[in-house]
Amino acid sequence: MSAPDHSPHATPDAASGTGARVPPAPRGLRQTMSDLHIWTGLLLGWFLFAMFLTGTVSYFKEELSQWMRPEIAHQADQPEAAVVAGRIAKTLETVAPGTTQWSLRLPDERHPIANAFWRVPPKDGAKRAFKDANFDPQTGLKVAARETPGGEFFYRFHFQFHYMPVAWGRWLAGLAAMFMLVAIVSGVITHKKIFTDFFTFRWGKGQRSWLDAHNALSVFGLPFHLMITYTGLVTLMTLYMPWPEMAGIESPAMKRQLTSEMNAFLQPAKPSGEAAPLASIEAMVREAERRWGPGSVARVTAANPGDAAARVAIARGEGGRLSMSPQYLLFDGVSGRVVEEKQGVGAAAETRGVMYGLHLGRFGDGATRWLYFLVSLAGTAMVGTGLVMWTVKRRQKLADPERPHLGFRIVERLNIAAIAGLPLAMAAMLWANRLLPLDLARRGEWEIHVVFIVWALALAHGVLRPPRRAWIELFALGAAALALLPVLNALTTDRPLWRSLAQGDWAFAGVELVGLAFAALLAGLARRVARHRLKGARPGRARAIGTPARPAADTAAAVEGAR
Amino acid sequence: MTHFASLLICVGAFAALAMATERAQQDVLERTLSRDATRALRIIGWALLLASLAIVVGAQGWGLGLVSYSGHTSVAAGLVFLGLIARQRRKG
Amino acid sequence: MNVTVSPTPSARRVGASSAGGLARLRAVLPLISRIVAAVGGGYALAALASVAVLVLPVSRIQAVIGGMLSSFAVYAAAVVWVFAVRSATRAWIGLLVAALPLLPLAWSVWHGAAPAVSP
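Spelled out as structure tokens, the structure:
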């Protein structure tokens, strides 16, 4: 009977071939937690990688959206929010006549145009239908910009994926998040001494280095990873755990109360049928700013505008406050008087609001946003190094390294498609944004199709080519795509990088500058893989695309340490 | 400005805590320090961590401050860790 | 999780594939049992706890939100427990022991006990 193996990822030997069937020795807690960690990390690891990468990018989704709508000129300064709201409300009277509800999001410095959606009569048996448009805050008129989902695509993909019903996507994301949560807890239990061992990692070579890189990235970001995973689950908790509501909410009135603790949602009442002009939206916004401070209003929602039963809700924005709990003022739409004020929510609701706010990170100033971005990027690298580490370890245990078993091959190829393929696919979206004809039907959807087409091609590439070559080639392609982005932009728009820099348009310039930084990163990774012999570690990693970042100080070094 | 100061102090804190470990002392100084020196480094490290927390909470309040702080500590720890690795690679 | 995927020597010794297959199945059964306990049982326990919380003498609405907020911690803890204990049987027993006091509480809430405190 062999002595118990203390290395964290050993598998028990099959019983020796003496003919006696010996049960394997009982495994300690650290060992079982290690197994649990590996399985929960691996089974949905590629989804988690994609969620982390798109989530990381989403912290700068507004800047990405600006870059993807180059027709909208750089707004050096914003007109007053109240004036903008009044202007656009006026436009909506002609753009959305007779609608029962419209909702307007006011511009801010990260998102310099206004966006409004409004209800239209549904067709084909749908329950509801909406139209939306972007508006110029200076004129209040509709803006003409190319049809593109902008950075919003990455944000939505992050929690509901694509090409599947929204509910399925969210369930899958939630399942992955639970796996992640268990992976974090089991990972901590396995490495109980990780804090004391913190600075004594063995930065040796080969397999040990991968473990160390993964450990380092996990430990640095542990508070963040735990927070982001748990709060992510909380953002969709009414979907994942509807039971308390089903058991405890006994009347529609209670349900409305519950909803108002979590959303600033204006329920449209039945219209009276009697027409009446909508009171001054500008005045309402000013009243809200009087109470909350200038620049605090984020959203104006009108129910039954133009009717005597009109109501208007002015909701507070998320900047400068940690909680995303609803805070709003409800006005009578005809008289313009305050009917109701939602100032605060109960303790549990406030906790949920803070958790929601922590996840989205919209409260922070620029520096805080960058911190979120960097640590989230480290989290992406953590997932990526974990996935690669699995193949590195297993490769040594293969009976015949030339013919690995199916499970190994699947993991290896999926790693390539996810870690090297996704960044390329995301860059492809930026290229499609510039290259797709402006009058193409459903252009916005096609930009998204391009992402998945390129991703599928990357998968095919990863399957058909020898793995090492596939890593190198896909990283190199991604690097090229990002490095050439400024060139592409200069050729296809009148906002080349040098002009954006001269104008101080940091959002626009930032997308390209960060793209360049990540191009350098991907190129570096490609070079490292090329320099390694197949037997050694294969650096695989992650990064985000196209937004201002001082990226991989930590991540590049994790790769460096993996030498 | 607050962010920068807090981050810088955190880097100093983690550098001190790192140097309080035997492994880092061997790598960087090529000898082990005395027990008193090690203890002093550890105290300095923790004190600097607290100072950084005080700065950022003072400027941003507890809610936002704690969030910023956890970002600073993560990034600072990462930087010190990288510094150690870089030094090691340059030596060998 | 004491599972090896490679065939055991006993399978080779016996030589009959069905007996070997049976032995392998029996080796995998505890793992499958644990997975069911973790994924299904854990969720059930979390759901149960999230409803049981509603008997607390606090605002009903806040209790509903609080129940949802804490449910994921219960789920994660249950999953870790299931794999930490020494056998699949113990895992199930542990889940049942945790569920037992919660069942009557959740039952009373579900079947319309009025909120102790106004919503």
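Chains as they are written, first to last, in the working numbering: chain E, 1 to 563; chain A, 1001 to 1092; chain U, 2001 to 2119. C-beta atoms are modelled at their ideal positions from N, C-alpha and C, and glycine is treated no differently.
- The DSSP assignment places 237-240, 243-248 and 252-260 as complete runs of the alpha helix (DSSP H) inside the region 231-268 of chain E, in order along the chain (cut-off: 4 residues).
- Annotation for residue 418 of chain E: 46 and 49 place their beta carbon closer than 6 angstroms to its own, counting only its chain and skipping 5 residues before and after.
- Under the 8 angstroms criterion on CB atoms, residue 375 of chain E is classed as interfacial with respect to chain A.
- Residue 1067 of chain A has a beta carbon lying within less than 8 angstroms of a beta carbon in chain E.
- For the alpha helix (DSSP H) assignment, the uninterrupted runs of no fewer than 4 residues enclosed by the region 127-161 of chain E are, from N- to C-terminal side, 152-160.
- Nearest Cα to residue 246 of chain E within the set U:2051, U:2041 and U:2059: U:2051.
- A straight-line Cα-Cα distance of about 17 angstroms links residue 2062 of chain U and residue 264 of chain E.
- Contact holds between the region 283-301 of chain E and the region 79-90 of chain E, because three or more Cβ pairs, one in each stretch, are under 8 angstroms apart.
- The C-alpha of residue 421 of chain E is placed about 31 angstroms away from the C-alpha of residue 191 of chain E.
- With a 10 Å radius around the Cβ and a threshold of 16 neighbouring Cβ atoms, residue 2060 of chain U comes out buried.
- In this structure, the alpha-carbon of residue 453 of chain E lies about 11 angstroms from that of residue 426 of chain E.
- In the DSSP annotation of this structure, the continuous segment of the alpha helix (DSSP H) that includes residue 393 of chain E starts and ends at 366-397.
- Collapsing the DSSP output to three states places residue 59 of chain E in coil.
- Residue-level contact check: residue 2047 of chain U touches chain E, since one or more beta carbons of chain E fall below 8 angstroms from its beta carbon.
- Nearest CB-CB separation between residue 186 of chain E and chain U: below the 8 angstroms threshold.
- The three-state reading of DSSP puts residue 1037 of chain A in helix, counting H, G and I together.
- Residue pairing by DSSP puts residue 342 of chain E in a beta bridge opposite E:328.
- If you draw a straight line from the Cα of residue 443 of chain E to the Cα of residue 522 of chain E, it is about 29 angstroms long.
- Contact check for residue 244 of chain E against residue 2067 of chain U passes: the beta carbons are separated by less than 8 angstroms.
- Residue 1073 of chain A and residue 1007 of chain A have their C-alpha atoms spaced approximately 7 angstroms apart.
- For residue 328 of chain E, the closest Cβ of chain U is not nearer than 8 angstroms.
- At a cut-off of 8 angstroms between beta carbons, residue 221 of chain E contacts chain A.
- For residue 147 of chain E, not one C-beta of chain U is nearer than 8 angstroms to its own C-beta.
- The region 28-36 of chain E makes contact with the region 2071-2089 of chain U: 3 or more CB pairs, one atom from each, lie closer than 8 angstroms.
- Listed along the chain, the chain E residues whose CB falls inside 9 angstroms of the CB of residue 2059 of chain U are 346, 347 and 348.
- Ranked by Cα distance from residue 2028 of chain U, the first of U:2055, U:2088 and U:2106 is U:2088.
- Shown here, residue 96 of chain E sits in coil according to DSSP, grouped into three states, outside any helix or strand.
- Residue 374 of chain E and residue 56 of chain E have their C-alpha atoms some 8 angstroms from each other.
- Here residue 277 of chain E really is in contact with residue 306 of chain E; their C-beta atoms are around 7 angstroms apart, less than 8 angstroms.
- When Cβ pairs closer than 8 angstroms are counted between the two stretches, the region 1050-1069 of chain A is seen to touch the region 1002-1018 of chain A, the count reaching three or more.
- At a C-beta separation below 7 angstroms, residue 1005 of chain A has no neighbours in chain E, since its nearest C-beta there lies roughly 12 angstroms away.
- Contact between the region 405-419 of chain E and the region 124-138 of chain E is absent: fewer than three C-beta pairs spanning the two stretches fall below 8 angstroms.
- Beta bridge pairing from DSSP links residue 314 of chain E with E:300 and E:329.
- By the Cβ test, the region 390-405 of chain E is not in contact with the region 1032-1042 of chain A, since fewer than three Cβ pairs between them sit closer than 8 angstroms.
- For residue 1063 of chain A, the C-beta contacts it makes with chain E under 7 angstroms involve 322, in order along the chain.
- Bridge pairing for residue 117 of chain E: E:103 and E:132 [DSSP].
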